[in-house]
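Residue numbers (my numbering), protein chains in the order written: chain U, 1 to 120; chain B, 121 to 210. The C-beta atom is built at its ideal place from N, Cα and C for all residues, glycine as well. What you are looking at is a predicted structure, and each value in this text was computed from that prediction instead of being measured. Reviewing the structure listed below.
Written out as structure tokens, the structure is:
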């Protein structure tokens, strides 16, 4: 019973974090702020899910279940790396950003015209 | 009992999260936004699969989750590399 409550709590916490991350991905105004949603909130969300699953399968089946640790470790290693790559690519392509731009900034490489370039 | 309700609620929330990611993937004003949405989409898919594993009481979903985790990371890295350099393998 106690384990059931614990698993339910972890499931709900994880799902809330993932949902909040996705809402942030949809609602935040520019790419560099949007990058926060998936990289922080969603990673926390999936860690909650995997902890819940590990608890559940460790108590219902024989022996402890270690598949979850594998997925968790892999995601915790790769999520920052992919976030870094995404930020680097976005900086390279000069996507639309809310931050103040320098004076002699070259024109963006993106499909969308940047408002700071004077209606180009 | 309480676990069933919690898992069903979690499944509903993850489905909503996946739909929100899909909306960003369709709309995203830039290619970088689309890659980010795809990245979030595969991570949320792993969460959904883990929840399905609890729901159906099967451990076979972990292999699927692991494969999606590895392939998703490789896909994101390749797409970012393409955006950065215009080529994946130079």
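| task | Taking 9 Å as the cut-off, decide whether the C-beta atoms of residue 123 of chain B and residue 4 of chain U are in contact. | result | yes
| request: Spell out a yes or no on whether the stretch 192 to 200 of chain B and the stretch 85 to 93 of chain U are touching, meaning 3 or more CB-CB pairs, one atom from each, closer than 8 Å. | output: yes
| message | Cutting at 7 Å between CB atoms, please list the residues of its own chain near residue 227 of chain B, excluding the five before and the five after it. | response | Limits of chain B in this structure are 121 at one end and 210 at the other, which puts residue 227 of chain B out of reach.
| request: Look up residue 52 of chain U in the DSSP assignment and say whether it is helix, strand or coil. | output: helix
| task | Tell me whether residue 40 of chain U sits in a helix, a strand or coil according to DSSP, three-state version. | result | Judged by DSSP in its simplified three-state form, residue 40 of chain U adopts helix.
| field | Beta-carbon proximity check, residue 56 of chain U vs residue 174 of chain B, cutoff 9 Å | value | yes
| said: Let's test the definition: count the other Cβ atoms within 10 Å of the Cβ of residue 176 of chain B and tell me whether it reaches 16, buried, or not, exposed. | reply: exposed
| query | Do the CB positions of residue 15 of chain U and residue 121 of chain B come within less than 9 Å of each other? | reply | no
| said: Tell me the residue span of the alpha helix (DSSP H) that contains residue 177 of chain B. | reply: Counting along the chain, residue 177 of chain B falls outside any alpha helix (DSSP H), and DSSP gives it neither H nor E.
| task | Could you tell me whether any Cβ in chain B is nearer than 9 Å to the Cβ of residue 99 of chain U? | result | no
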